[in-house]
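Colleague: In this note's numbering, the protein residues as written are 35 to 455.
Structure provided below as structure tokens; questions to follow.
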């Protein structure tokens with residue numbers, strides 16, 4: 035194929051209007067810049083359906099060749115998903131590397147991954163993507179015709195590549211399973227201690243990491259670029275009333291997030307799917323904010339997190355005219371959305387206030403008396419409540435002092451209890 039230069043890649047962007055529910059051209063430009071390329075020209079057009087061989091028609095192919103020469107381009111970036119054969123046919127016809135939208139996102143993730151888990155997840159996604167690109171990838175080694183005793187060495191090389199990629203994928207999946215178990219143990223411990231878990235979710239570059247830093251005092255990397263933060267980060271978040279929760283900063287979402295990434299980042303996204311509350315951070319000044327809200331909700335549904343309570347955080351109000359920090363509430367006075375600027379800190383205290391409202395009165399202190407035949411209830415309490423102390427008398431009756439979440443009070447329906455003040 036084509037060697038990747040160290041820097042200074044000049045990119046031509048290709049965007050065709052095919053249907054209404056498709057990627058945004060401005061987003062492709064941001065993705066290209068985030069990947070470290072320099073967009074020098076954009077080729078646009080429209081078709082009813084993609085060309086099976088080159089995705090674009092012959093006329094656009096000739097135009098693209100001329101643009102590559104005129105702008106001395108090193109790479110062509112398509113704002114679409116290309117089949118392996120289309121990608122190869124385009125590279126053969128154009129003489130430069132061709133990368134589709136999924137490959138571009140994978141490249142950005144590969145650059146941003148810092149943690150051991152993040153690097154494994156990105157490598158898994160890349161290998162799964164690459165495995166579909168191996169078909170006839172070694173035809174330059176095939177010089178013999180087929181037939182008994184005349185099998186070309188290219189086929190042997192192709193099978194070797196497939197086997198090695200398959201083995202590496204299995205190794206990575208086993209390692210990620212161990213990481214997932216560790217994460218599960220951490221979540222189980224937090225639930226046992228009744229520590230609320232809150233996940234920041236949202237479209238990429240909405241300001242999640244900046245808000246995360248404001249609420250926790252962390253120094254997570256934050257920048258005005260797509261996927262600035264990739265690795266999940268968990269920090270204790272103290273509230274003004276003395277309570278504490280765990281806040282998780284997750285990877286940003288994007289339109290049509292590549293299937294390989296959703297699968298590879300399953301354990302990371304599970305932090306959102308098992309949270310007690312989701313703070314959906316939204317770029318308030320974005321022209322397509324309604325579309326990005328819908329896209330985030332779609333991904334949340336894909337990872338089975340759509341049932342979790344969600345508070346919308348409309349961020350970047352400092353870029354809007356005459357918008358002051360505020361909390362919007364429903365008819366019952368419950369918070370629905372908060373308007374803030376994480377960059378300036380304006381309104382962040384309202385997010386704290388909202389979290390206090392939602393979590394301050396969750397824990398109740400109870401004294402429970404369990405008979406010897408209520409062992410299942412006792413085991414359940416040790417799982418979902420905080421056990422302060424326990425005493426068992428001579429008759430086998432257990433007296434437990436516990437702190438329990440209001441949502442778990444149903445466990446105590448058949449148990450003698452006393453309120454502790």
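Yeah, the Cβ is synthetic: ideal placement off N, Cα and C, and Gly gets one too.
By the DSSP assignment, the beta strand (DSSP E) with residue 109 in it spans what residues?
Modeller: 109-112
Colleague: Flag this pair as yes or no: are the beta carbons of residue 133 and residue 109 separated by less than 8 Å?
Modeller: yes
Colleague: Check whether the stretch 322-332 touches the stretch 230-241, counting contact only when three or more Cβ pairs, one atom from each stretch, lie closer than 8 Å.
Modeller: Three or more Cβ pairs drawn from the stretch 322-332 and the stretch 230-241 lie within less than 8 Å of each other, which places the two stretches in contact.
Colleague: With a threshold of 8 Å, are at least 3 pairs of Cβ atoms found where one atom belongs to the stretch 356-372 and the other to the stretch 411-422?
Modeller: No, the stretch 356-372 is not in contact with the stretch 411-422.
Colleague: Hey, residue 49 and residue 78 are a contact pair by Cβ (cut 8 Å); roughly how many whole angstroms apart?
Modeller: 5 Å
Colleague: Could you check what DSSP says for residue 458 in three-state terms: helix, strand or coil?
Modeller: Because the chain here runs from 35 to 455, residue 458 falls outside it and cannot be looked at.
Colleague: Look at the Cβ atom of residue 344, then the Cβ atom of residue 312, and state whether they are nearer than 8 Å.
Modeller: yes
Colleague: With a Cβ-Cβ cutoff of 8 Å, do residue 76 and residue 116 count as a contact?
Modeller: no
Colleague: Whose C-alpha, out of 359, 316, 303 and 83, is nearest the C-alpha of residue 335?
Modeller: 303
Colleague: Give the range of the alpha helix (DSSP H) segment to which residue 163 is assigned.
Modeller: 150-165
Colleague: Starting from the C-beta of residue 160, find all residues in its chain whose C-beta is less than 6 Å away, skip the five residues before and the five after it, and write them out in chain order.
Modeller: 140
Colleague: Quick one: does the C-beta of residue 215 sit closer than 7 Å to a heavy atom of the ligand NAP?
Modeller: Absence of the ligand NAP from the depicted structure is noted, as is the absence of any ligand whatsoever, leaving it without description.
Colleague: Whose C-beta lies closer than 8 Å to the C-beta of residue 280 among residues of the same chain, with five residues either side of it excluded?
Modeller: 224, 229, 230, 231, 232, 268, 269, 270 and 271
Colleague: Please confirm if residue 134 has its CB atom under 8 Å from at least one CB of chain D.
Modeller: Protein chains in the displayed structure number just one, and chain D is not present.
Colleague: Thinking C-beta only, is residue 111 closer than 8 Å to residue 128?
Modeller: no
Colleague: Could you give the uninterrupted runs of the alpha helix (DSSP H) lying entirely in the stretch 73-125, keeping only those of 4 residues or more?
Modeller: 92-105
Colleague: Can you tell me whether DSSP reads residue 328 as helix, strand or coil?
Modeller: If DSSP states are grouped into helix, strand and coil, residue 328 belongs with the helices.
Colleague: Using a Cβ-Cβ cut-off of 6 Å (strictly less than) and excluding sequence neighbours within five positions of residue 171, which residues of its own chain qualify?
Modeller: Because residue 171 sits at a pLDDT of 47, beneath the cut-off of 50, its placement in the model cannot be relied upon, and the point is left open.
Colleague: Less than 8 Å between the C-beta atoms of residue 346 and residue 316, yes or no?
Modeller: yes
Colleague: Pick helix, strand or coil for residue 452, following the three-state DSSP scheme.
Modeller: strand
Colleague: Do you know offhand how far residue 452's Cα is from residue 148's?
Modeller: 50 Å
Colleague: Run the CB neighbour count on residue 135, radius 10 Å, all protein chains shown included, and call it buried at 16 or more, exposed below.
Modeller: buried
Colleague: If you measure between the beta carbons of residue 337 and residue 309, is that distance less than 8 Å?
Modeller: Contact check for residue 337 against residue 309 fails: the beta carbons are separated by 8 Å or more.
Colleague: Determine the burial state of residue 454: buried for a count of at least 16 other Cβ atoms within 10 Å of its Cβ, exposed for fewer.
Modeller: A residue is called buried when at least 16 other Cβ atoms come within 10 angstroms of its Cβ; residue 454 does not meet this threshold and is exposed.
Colleague: Check residue 304 in the structure and name its three-state DSSP category.
Modeller: Correct three-state label for residue 304: helix.
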